[in-house]
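S.K.: Please see the structure below; I have some questions.
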Amino acid sequence: MQIFLDTANIEEIRQGVDWGLVDGVTTNPSLMGKEKVKDFPAVVRSILKITPGPVSIEVVAEDHEGMMKQAEKIASLGDNAVVKIPMTLEGLKTIKKLRERKIPVNCTLIFSPIQALFAAKSGASYVSPFVGRLDDIGEDGMYLIEQIKTIFTNYDISTKILVASIRNPIHVVRSALIGADVVTMPFEVLKKLPQHPKTDEGLLKFMDDWKKIFPDGGFPL
Ligand code: E4P
């Protein structure tokens, strides 16, 4: 399962890449707003450069012609650029045309299994079901991932399931158990994943025991 960071913060991406944990990045207009991005092309170019894999950049036009123009600009910025297109009828039309031009698309704002199926049929390389936002309204976001996985397996669909709107490590574990292709998460969730209180407790005990033999903490080899 690939791990993407859901952020437009360059420093977070740099750290995640240094840890060897980040395979790609997803952004959206709200994340750009959170970073108060002014020089949009410069920020996008930096993210594309430091990220080892795909980077999703979202269009903001809502009509087909506008989406096409913005998509082509995004795609021209780097080989690892993926165009994020919202799940609308105009979006589906755009995904089909971009597929013909071999421009990879991540279809975003997916909240039902049929939306995922239609995005895949139109030619999206990724579908992004938003699990956290479904949990927020009292639904089980991860059940949607199970449904999409079953449908894609039934019809041998190669579109990747990119689990989005992740809020906690349980979302990540369940995604891996279901067999999702990618999870995208905020930096805060990524940092929590390798941590466990028993690991911290165990390490503390090892260090204390070592200092009983070598009080200066040395390693005399
Ligand atoms: C996905 O690509 C979106 O950017 C993101 O996961 C949305 O998450 P949110 O519901 O936390 O805003």
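Per the numbering used here, the sequence shown starts with residue 536, numbered consecutively. Ideal Cβ positions, reconstructed from N, Cα and C, are used throughout, including at glycine.
Can you confirm whether the segment 633–644 touches the segment 656–663 when touching is taken to mean that 3 or more C-beta pairs between the two stretches lie within less than 8 Å?
M.R.: Enough Cβ pairs lie closer than 8 Å, so yes.
S.K.: Can you list, in chain order, the residues of its chain with a C-beta nearer than 6 Å to that of I692? Leave out the 5 residues immediately preceding and following it.
M.R.: Within the same chain, I692 has close Cβ partners A655.
S.K.: Between D670, D671, P664, which lies nearest to Q682 when the distance is taken from Cα to Cα?
M.R.: Q682 has its Cα closest to that of P664, out of D670, D671, P664.
S.K.: Does the segment 558–565 come into contact with the segment 578–594, if we say contact requires no fewer than three beta-carbon pairs (one atom in each stretch) closer than 8 Å?
M.R.: At 8 Å Cβ cutoff, the stretches touch.
S.K.: Pick helix, strand or coil for P750, following the three-state DSSP scheme.
M.R.: Note: P750 maps to coil in three-state DSSP.
S.K.: For the segment 734–747 and the segment 711–720, state whether three or more C-beta atom pairs, one from each stretch, are separated by less than 8 Å.
M.R.: Taking 8 Å as the limit for Cβ pairs, the verdict is that the segment 711–720 does not touch the segment 734–747.
S.K.: Does N689 pass the burial test, meaning 16 or more other C-beta atoms within 10 Å, or should it be called exposed?
M.R.: Exposed, by the Cβ-count rule.
S.K.: Between I680, K695, N703, which lies nearest to L712 when the distance is taken from Cα to Cα?
M.R.: The shortest Cα separation from L712 among I680, K695, N703 belongs to I680.
S.K.: May I ask whether a heavy atom of the ligand E4P can be found less than 7 Å away from the beta carbon of A616?
M.R.: No, the Cβ of A616 stays beyond 7 Å of every heavy atom of the ligand E4P.
S.K.: Is V598 a contact residue of the ligand E4P, with contact defined as CB to any heavy atom under 7 Å?
M.R.: According to the sequence shown, residue 598 is Asp rather than Val. No; taking the cut-off as 7 Å, the Cβ of D598 has no heavy atom of the ligand E4P nearer than that.
S.K.: Are the Cβ atoms of Q537 and D744 separated by less than 8 Å?
M.R.: No; because the gap between Cβ atoms is not below 8 Å, this pair is not in contact.
S.K.: Less than 7 Å between the CB of G667 and some heavy atom of the ligand E4P, yes or no?
M.R.: Yes, the beta carbon of G667 sits closer than 7 Å to at least one heavy atom of the ligand E4P.
S.K.: Which stretch, first to last residue, makes up the beta strand (DSSP E) that contains V561?
M.R.: At residue 561 the sequence reads Thr, which differs from the Val that was named. Segment 559–561, the beta strand (DSSP E) holding T561.
S.K.: Taking Y678 as part of the beta strand (DSSP E), name the residues at either end of that continuous run.
M.R.: No beta strand (DSSP E) holds Y678; the alpha helix (DSSP H) holding it covers 676–689.
S.K.: Classify L540: buried if its beta carbon has 16 or more other beta carbons within 10 angstroms, exposed otherwise.
M.R.: Looking at its Cβ environment, which holds 16 or more other Cβ atoms inside 10 Å, L540 is buried.
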